[in-house]
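In our numbering, the protein residues as written are 3 to 538.
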């Protein structure tokens, strides 16, 4: 989408007691090495937009439509990182088409259908929800250009800003006096720093404590949802019952799950999808570990979560393979480095198809019903009439952890270098369940359980790499069978070399497994057992 500007905005933001006095200071500023030139005045009018359930805000994004001399522009801003008044954030902007034909009441609809990357990102995040106009921010901006001997450094905006609820043209609220120093890209930050230091002292400026968006929310009396949502206590404590502990764990993981939904939908950062998938896994693990102590309806939620996790997992697995392409190419000779280009193209096409399926799932009524019902379930807490859940967590934890340890040991004791890959994969899954159980109840027992958990993580890392190698070999073999003619001989030979490298690596990992497994037997486990039994 060529009409979208995508930049990292870097600017200092300060609050001032009187913006006009700041403008006067800039008009006569005489700081050696710098020049300040007035560049005019603008009256800006910005409509801020979001869905009724604050999808953009929950995804840590802010949407804005700004009136320009020749029409309107749509901007999507990411979350700021703030250090002493200096803010950095991603900013995407695109010009809206046919500006003369757009009525102001139609701006949210126009923004939702914008054809560029900015509009597409909004559609991905909000799904099927309509965009709404939240409020208007009107700003009188006096502009100054800061330069030094090497050229232009920054644009200084001296703003007087008011926020207006929908349909309102004026307000009695005092305006927000805001100074913004937006630096030019490419090494100008350090050159502008000395001027900014003098500027701040000379005008008694203070780092901005809220954004214009937050100021407008306050003025207009709008309350955004807590992000992540608050479903109740999320920390396991020794005085809890088993059901209360189970609910606390589920609340924490569901908050992480929802907090990463926006990033997962947008797809700009694959770590958001990873974190959402891991939270789904931990949720299902908690439901399984505490199954006897949670109401029966929990199982229905676990099944629905499994459906969502499957949609997430398909995309994440392909993300991993695409990430590995550079690693695969490094194993080839210089002459064959492009032989895998066609393989990567197939992975990307498969991932795009998987993302469409994932987005259909997240946009579905089924998903909305799951989120709504599970949130209500978590807020309600354990039913008082569910007797099994009343057992103290101190009595239940040894049973939950002990059961998973025994399952892990039964599988681990039968593993040999000749065992099939499936047996190693099963040990990895059981190790993950054991690690999650240890981490779930660690707040009750402290460092000893976390130390043992780190030992489980160590063998899981080995088994995870082994599983990755096995999956990679399987995917390459499947691709050779299904797409061999399209790939051609060079790609097939390169794929064979990569697969052979993975097979050798798998053998090395099998050799490293016994030593890591041995550390989880004997005295290390006995210490964990004694601690849990002692605190029953």
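The beta-carbon is built from N, C-alpha and C at its ideal position, and this holds for glycine as well. Bear in mind the structure is a predicted one, so any value in this text is a computation, not a measurement.
Would DSSP call residue 104 helix, strand or coil?
A caution first: residue 104 carries a pLDDT of 48, below 50, which makes its placement in the model unreliable, though a value can still be read off. Coil at residue 104, not helix or strand.
I'd like the list of long-range same chain contacts for residue 6, defined as Cβ closer than 8 Å, with 5 residues on each side in sequence excluded.
94, 95, 96, 118, 119, 120
Which of helix, strand or coil DSSP assigns to residue 2
As displayed, the chain neither begins before 3 nor continues past 538, which places residue 2 out of reach and without an answer.
According to DSSP, is residue 56 part of a helix, a strand, or is it coil?
coil
From the DSSP secondary-structure annotation, give me the bridge partner or partners of residue 181.
16, 160
Which two residues bound the contiguous alpha helix (DSSP H) that contains residue 193?
190 to 205
With respect to the beta strand (DSSP E) encompassing residue 373, which residues constitute its N-terminal and C-terminal limits?
Taken as a continuous stretch (DSSP letters only), residue 373 belongs to no beta strand (DSSP E), being part of the alpha helix (DSSP H) at 367 to 382.
Restricting to Cα atoms, I'd like to know which of 81, 179, 142 is closest to residue 45.
142
What's the gap between the Cα of residue 512 and the Cα of residue 290?
29 Å
Using only the alpha-carbon positions, how far apart do residue 77 and residue 175 sit?
26 Å
Scan the stretch 400 to 488 and note each continuous alpha helix (DSSP H) run of 4 residues or more that stays entirely inside, going in chain order.
423 to 447
Quick check on residue 29: buried or exposed, where buried means 16 or more other Cβ atoms within 10 Å of its Cβ?
exposed
How big is the Cα-Cα spacing for residue 110 and residue 51?
7 Å
Are the beta-carbon atoms of residue 166 and residue 137 separated by less than 8 Å?
yes
Along the chain, which unbroken stretches of the alpha helix (DSSP H) at least 4 residues long are found entirely within the stretch 106 to 145?
109 to 114, 119 to 128
Taking just the CA atoms, how far does residue 471 sit from residue 278?
24 Å
Rounding to the nearest angstrom, what Cα-Cα distance links residue 271 and residue 330 in this structure?
22 Å
Can you tell me whether residue 337 is buried or exposed? The criterion is at least 16 other CB atoms within 10 Å of its CB, across all chains shown.
exposed
Any idea which residues DSSP pairs residue 8 with across the strands?
94
Write down every uninterrupted run of the alpha helix (DSSP H) in the stretch 252 to 331 whose length is 4 residues or greater and which is fully enclosed by it, in chain order.
263 to 268, 272 to 291, 299 to 325
Closest Cα partner of residue 454 within the set 128, 506, 500, 525:
525
According to DSSP, is residue 359 part of a helix, a strand, or is it coil?
helix
What does DSSP give as the partner residue(s) for residue 73 in the beta ladder?
70
Alpha-carbon to alpha-carbon, residue 158 and residue 41
10 Å
What's the C-alpha gap between residue 421 and residue 478?
22 Å
Classify residue 192 as buried or exposed, calling it buried when 16 or more other Cβ atoms lie within 10 Å of its own Cβ.
exposed
Taking contact to mean 3 or more Cβ pairs, one atom from each stretch, closer than 8 Å, check whether the stretch 379 to 396 and the stretch 404 to 424 are in contact.
no
Got a sec? Which residues, its chain only, sit under 8 Å from residue 104 by beta carbon, not counting five neighbours each side?
Residue confidence for residue 104 is low, a pLDDT of 48 falling below 50, so the modelled location carries little weight and cannot support an answer.
Which of helix, strand or coil does DSSP assign to residue 150?
strand
What three-state label does DSSP hand residue 541 in the structure shown?
Lying before the first or after the last residue shown, residue 541 is absent from the chain, which here runs from 3 to 538.
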